[in-house]
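Student: Have a look at the structure that comes next, please.
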Amino acid sequence: MTINDFLSQWHDSRATVPVYTSGSTGKPKLMMAEKVRMEASARMTCKALGLKAGDKALVCLPMDYIAGKMMVVRSLERGLRLVSVEPTGHPFATLAHEEPFDLVAMVPLQVYNSLHVEEERAQLMRSRHLIIGGGAIDAELERELQNFPHAVWS
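For the sequence shown, position 30 matches number 413 in my numbering, and the numbering has no gaps at all.
As structure tokens, then:
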């Protein structure tokens with residue numbers, strides 16, 4: 384699914400959109416998420432993080448899953464500038480010279496990989512808010528994030 388595919392679903396007349404859970408507790412499950420609840424969650428997250436219109440967000444997660452879709456909903460809710468890259472284990476690989484992001488959501492493996500490549504680490508460290516989801520972070524990754532200069536949410 385692409386962002387445009389999701390936007391077509393988002394703007395249709397249905398009250399729900401299909402999403403897959405992350406699978407962090409087993410096989411990913413298909414569920415129907417209520418658009419009004421997704422909007423409410425996005426509004427609360429943006430408010431809690433102090434995000435404002437024009438802030439920059441990175442979408443580097445698959446659009447079939449709730450995490451990728453929620454990044455798009457947050458951008459719609461708050462008027463964020465959305466940068467999208469193909470979901471990969473190294474989302475910052477092509478973004479070394481990009482201006483810093485205000486919001487990034489990644490899975491633990493993406494964070495771990497980014498921390499171990501100098502250029503990617505530099506870009507990750509400039510991200511103002513990092514949301515880590517889709518699974519628990521292990522003790523090693525938690526230690527590596529102890530000196531992260533900005534907010535990390537897991």
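Don't be surprised by glycine CBs; every beta carbon is placed ideally from N, CA and C. It should be emphasised that the depicted structure is a prediction, and the values quoted were computed from it without experimental measurement.
1) Straight-line CA distance for residue 436 to residue 479?
2) So, helix, strand or coil for residue 421, using DSSP?
3) Answer with buried or exposed for residue 397, where buried requires no fewer than 16 other C-beta atoms within 10 angstroms of its C-beta.
4) Taking the alpha helix (DSSP H) that residue 508 falls in, what are its first and last residues?
5) Determine the contact status of residue 434 and residue 485, defining contact as a CB-CB distance below 8 Å.
6) What residues are listed by DSSP as bridge partners for residue 453?
7) Assuming residue 402 and residue 444 are in contact, meaning their beta carbons sit under 8 Å apart, how far apart are those beta carbons, in whole angstroms?
8) Apart from the five residues just before and just after residue 488, which ones in its own chain have a Cβ nearer than 7 Å to its Cβ?
9) If you draw a straight line from the alpha carbon of residue 431 to that of residue 410, how long is it in whole angstroms?
10) Only counting the same chain, and skipping five residues up and downstream in sequence, which positions put a Cβ closer than 8 Å to that of residue 545?
11) How long is the line joining the alpha carbons of residue 387 and residue 469, rounded to whole angstroms?
12) Using only CA atoms, which one of 406, 408, 415 and 384 lies nearest to residue 399?
13) Taking the C-alpha atoms as reference points, what is the distance between residue 440 and residue 521?
14) Are residue 483 and residue 509 close, meaning C-beta to C-beta below 8 Å?
Tutor: The short version:
1) Looking up residue 436 in the sequence shown gives position 53. Looking up residue 479 in the sequence shown gives position 96. One C-alpha to the other measures close to 24 Å.
2) Indexing the sequence shown from 1 puts residue 421 at position 38. It is helical.
3) Numbered from its first residue, the sequence shown carries residue 397 at position 14. Its Cβ having fewer than 16 others within 10 Å, residue 397 is exposed.
4) Along the sequence shown, read from residue 1 onward, the residue named residue 508 stands at position 125. Note, residue 508: alpha helix (DSSP H), 501 to 508.
5) Against the sequence shown, residue 434 aligns to sequence position 51. Against the sequence shown, residue 485 aligns to sequence position 102. Yes. Within cutoff.
6) Numbered from 1 along the sequence shown, position 70 holds the residue referred to as residue 453. None; residue 453 has no bridge partner.
7) The residue you call residue 402 lines up with position 19 of the sequence shown. The residue you call residue 444 lines up with position 61 of the sequence shown. In fact, because the Cβ distance is near 12 Å, the residues do not count as touching under 8 Å.
8) Locating residue 488 in the sequence shown gives position 105, where the first residue counts as 1. Closer than 7 Å at Cβ, skipping near neighbours: 444, 450, 454, 514 and 516.
9) Within the sequence shown, residue 431 is the residue found at index 48, counting from 1. Within the sequence shown, residue 410 is the residue found at index 27, counting from 1. Cα-Cα distance, rounded: 30 Å.
10) For residue 545 there is no data in the structure shown, the boundaries of the chain being 384 and 537.
11) By one-based count along the sequence shown, residue 387 stands at place 4. By one-based count along the sequence shown, residue 469 stands at place 86. If you take the alpha carbons of residue 387 and residue 469, they lie about 14 Å apart.
12) Stepping through the sequence shown from its first residue, residue 399 is reached at position 16. Measuring from the Cα of residue 399, the nearest candidate turns out to be 415.
13) Residue numbering aside, residue 440 sits at position 57 when the sequence shown is read from its first letter. Residue numbering aside, residue 521 sits at position 138 when the sequence shown is read from its first letter. Spanning the two alpha carbons is a distance of roughly 25 Å.
14) One-based indexing of the sequence shown puts residue 483 at position 100. One-based indexing of the sequence shown puts residue 509 at position 126. In contact: residue 483 and residue 509 (Cβ atoms closer than 8 Å).
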